[in-house]
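Trainee: Numbering (our numbering), first residue to last: 45 to 272.
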């Protein structure tokens, strides 16, 4: 495949991954609440939400793997015409997109897994409710303390993920500033660069809004679920 064919394939994969990540974020935002609602309906299909999550997660892993392979092939393929500077910026942009998507996938995936663990913990607590009658007050306090410790651990994990995402976004912002400065210099020589800069800024703002929304919804839902 030529350099342009590989770029076209990379953009196609990036578009598919972006759509799958949005779907995965929606699952992360609703996970638990829909499971709780389904548990009250005998006719609700069991594990339907988990099945959807597993399918999307598996598809994302395959798409990210394919995009990684395409990026590696892009690095080894020489474009026909064009400046080396523009080619370097193109390759860097595709690498940044892959890194952002991989980070977002792992962050959202870990958040869903944490919620699944909490669901299992709560279900175990409900199923074991009958056994609590014979326990002493001390045992009850110990069991409750264990549950609280597990909940606190999951909240700490969510906060750590949020902090890591914030730091990552800061690093990306600095990289974009440097990249944009270079593009501004090139824009004085090549007016068509302005169009590219506009598209990059729009994409950057959209990525930031998506990440910020997912983080906010995840933390809000986790805190609400703990104290509900």
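C-beta: ideal position from N, C-alpha, C; glycine also.
All figures in this text were calculated on a predicted structure; none of them were measured in a lab.
(1) Which value, in whole angstroms, describes the spacing of the CA atoms of residue 186 and residue 113?
(2) Work out the CA separation of residue 225 and residue 247 for me, nearest whole Å.
(3) Do residue 259 and residue 193 have their CB atoms nearer than 8 Å?
(4) Applying the 10 Å Cβ sphere with the 16-neighbour rule, what's the burial state of residue 221?
(5) Please classify residue 202 as buried or exposed, where buried requires at least 16 other C-beta atoms within 10 Å of its C-beta.
(6) Can you tell me the Cβ-Cβ gap for residue 103 and residue 70, rounded? I've got them flagged as a contact below 8 Å.
(7) Quick check on the DSSP output: the alpha helix (DSSP H) that includes residue 124 runs from which residue to which?
(8) From this set, 106, 198, 107 and 148, which residue's C-alpha is nearest residue 253's C-alpha?
(9) Report the residue from 93, 163, 158 and 111 whose alpha carbon sits nearest the alpha carbon of residue 139.
(10) Taking Cβ positions, are residue 100 and residue 73 nearer each other than 8 Å?
(11) Going by other Cβ atoms of all chains shown within 10 Å of its Cβ, with 16 needed for buried, is residue 47 buried or exposed?
(12) Output yes or no for whether 8 Å exceeds the beta carbon distance between residue 107 and residue 61.
(13) Under 7 Å Cβ to Cβ from residue 255, same chain only, skipping five residues before and after it: list those, please.
Mentor: Reading from the atomic positions:
(1) 51 Å
(2) When rounded, the separation of the alpha-carbon atoms in residue 247 and residue 225 is 17 Å.
(3) no
(4) Per the 10 Å Cβ criterion, exposed.
(5) That one is buried.
(6) About 15 Å; that fails the 8 Å criterion.
(7) For residue 124, no alpha helix (DSSP H) encloses it, and the DSSP letter there is neither H nor E.
(8) 148
(9) Comparing Cα positions, the closest option is 111.
(10) no
(11) Buried is the call here.
(12) yes
(13) 148, 209 and 213
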